[in-house]
Amino acid sequence: GSGIDASPPRFALDGQTVSAGWVTTFSERTVVSENRVTAIPADMPFDVAALLGCAVTTGLGIVFNNASLRPGQSIAVFGVGGVGLNVIQGAAMVSAHPIVAIDLHDNKLAQAAAFGATHTFNSAKGDAHEYLMELSGGNGFDATVDVTGNNGVRQTAYDSTSDIGKTIFAGVPY
């Protein structure tokens, strides 16, 4: 149905505002606009149903639709949680190169490598922009994707994109 177009929820955490986006992230229970709900069969296993959620469709949609990534084109992904991992996976599916995963956590970077990242970079340990510019020979990347929502990270993604490349913002800004 058309439902109402409600604003996304916002939560307080240690005095800071955290946006949950339009997909009710971090909620145990929530009131959702009916145009944001998809019914699934009662006998569908949750591990299969999860594939219908945001991470896979958003991540692959970024690669195939927003970036229109082709073999041999470069991509850098800032934030390799659920959506970021699926951007990495989609980039590997189209034989992009290099595929760079950038995150603050080494365990997430290891997982990104398993999903197809050809390079990983822990931005807590160095300058991501400097690394990407060196890796691209100073030209920048064909596509950069920010799924963190952090404005500083978004600026780094934009600055690391080539003059004819695309910067894609998928994270809910905070």
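In this note's numbering, the protein residues as written are 1 to 174.
The beta-carbon is built from N, C-alpha and C at its ideal position, and this holds for glycine as well.
When C-alpha distances from residue 146 are compared across 156, 140 and 138, the shortest belongs to 156.
Non-local beta-carbon contacts of residue 153 in its own chain, meaning distances under 6 Å to residues more than five positions away in sequence, involve 78 and 146 in chain order. For a cut-off of 8 Å, the C-beta gap from residue 167 to residue 158 is around 5 Å, short enough to register as a contact. Taking each of 97, 111 and 170 in turn and checking the Cα distance to residue 103, the smallest one comes out for 111.
Our two residues, residue 88 and residue 99, have alpha carbons roughly 7 Å apart in a direct line.
Between residue 161 and residue 140 the beta-carbon gap is near 5 Å, inside 8 Å, which marks them as a contact. Assigned with DSSP and collapsed to three states, residue 165 falls in strand. Taking 9 Å as the cut-off, the beta carbon of residue 90 is found closer than this to the beta carbon of residue 69. Nearest in C-alpha terms to residue 164, of all of 171, 135, 172 and 144, is 144. Around the beta-carbon of residue 59, 16 or more other beta-carbon atoms lie within 10 Å, marking it buried.
Counting along the chain, residue 43 sits inside no beta strand (DSSP E), nor does DSSP assign it H or E at all. In the assembly as shown, residue 48 is an exposed residue. Its beta-carbon has fewer than 16 other beta-carbons within 10 Å. Shown here, residue 154 sits in a helix according to DSSP, grouped into three states. Taking 8 Å as the upper bound for CB-CB distance, residue 76 and residue 132 are in contact here, some 5 Å apart. Given a length threshold of 4 residues, each whole run of the alpha helix (DSSP H) inside the stretch 63-112 is given here in chain order: 82-93.
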